[in-house]
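Colleague:
Numbering (my numbering), first residue to last: 12 to 191.
(1) In the DSSP assignment, the beta strand (DSSP E) including residue 151 goes from what residue to what residue?
(2) Quick test of the definition: if touching needs 3 or more C-beta pairs under 8 Å, does the segment 137-157 touch the segment 99-118?
(3) My parser needs the beta strand (DSSP E) runs of 3 or more residues fully inside the segment 93-156; what are they?
(4) How many whole angstroms separate the CB atoms of residue 24 and residue 31, which I take to be in contact at a CB cut-off of 8 Å?
(5) Below 7 Å CB to CB, which residues in the same chain sit around residue 152 once its five sequence neighbours on both sides are set aside?
(6) Leaving aside the five residues before and after residue 181 along the sequence, list all residues of the same chain whose C-beta is less than 6 Å from its C-beta, in chain order.
(7) Would you decide whether residue 92 is buried or exposed? Buried here means 16 or more other CB atoms lie within 10 Å of its CB.
(8) Could you tell me which residues DSSP pairs with residue 68 in its beta bridges?
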């Protein structure tokens, strides 16, 4: 996969996402973010740390454990309107409280699931379920060249994301994560 991405340490990725959150709250930027990196480099920890720092609820969706229909919700027939409607999945934020929707293992998800997240990443919706403006969307995953189970991202998916490559740095780990 070839994307226009910046390579940063985990600590710098945290600063980038914090700035993205502040821009979204200010109404100046709403984007979906993708953290790439080798297994164990700290992508998930960065997102968990950000949620704690900004006081946001973390909705952690491991995309390798769900099916495409899990994102849309459960259908039922509404007899009053004679239409099929959908129960909203509990894994999608639905209040105005600060939240992060974390789509972990995006590149390891089955290729059949990836198109399901297109609308979520770009339009912030799945079917009629629309995410509140208070939700920051962050995805994470390994790259094919990392030797992990991963699929290349097609341009339809890749173009919906701002890409950041997280690289291990001993100096960064000592500065931001090691015990004093």
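Ideal Cβ placement from N, Cα and C applies to all residues, glycine included.
Modeller: If we stick to the structure as given:
(1) Within the chain shown, the letter at position 140 stands for residue 151. Residue 151 -> beta strand (DSSP E) spans 146-152.
(2) Contact between the segment 137-157 and the segment 99-118 is established, with three or more Cβ pairs separated by less than 8 Å.
(3) Within the segment 93-156, the complete beta strand (DSSP E) segments of 3 residues or longer fall at 94-98, 110-115 and 146-152, listed in chain order.
(4) For this step, residue 24 is matched to residue 13 along the chain shown. For this step, residue 31 is matched to residue 20 along the chain shown. Contact doesn't hold; Cβ gap of about 10 Å is too wide.
(5) Position 141 of the chain shown, counted from the start, is the residue given in the question as residue 152. Closer than 7 Å at Cβ, skipping near neighbours: 47, 116, 117, 118, 119 and 161.
(6) One-based indexing of the chain shown puts residue 181 at position 170. Spatial neighbours of residue 181 in its own chain (CB-CB distance under 6 Å, excluding positions within 5 residues in sequence) are not present.
(7) Taking the first residue of the chain shown as 1, we reach residue 92 at position 81. Label assigned to residue 92: exposed.
(8) Start at 1 with the first residue of the chain shown, and residue 68 comes out as number 57. Within the DSSP bridge table, the entry for residue 68 names 110 as partners.
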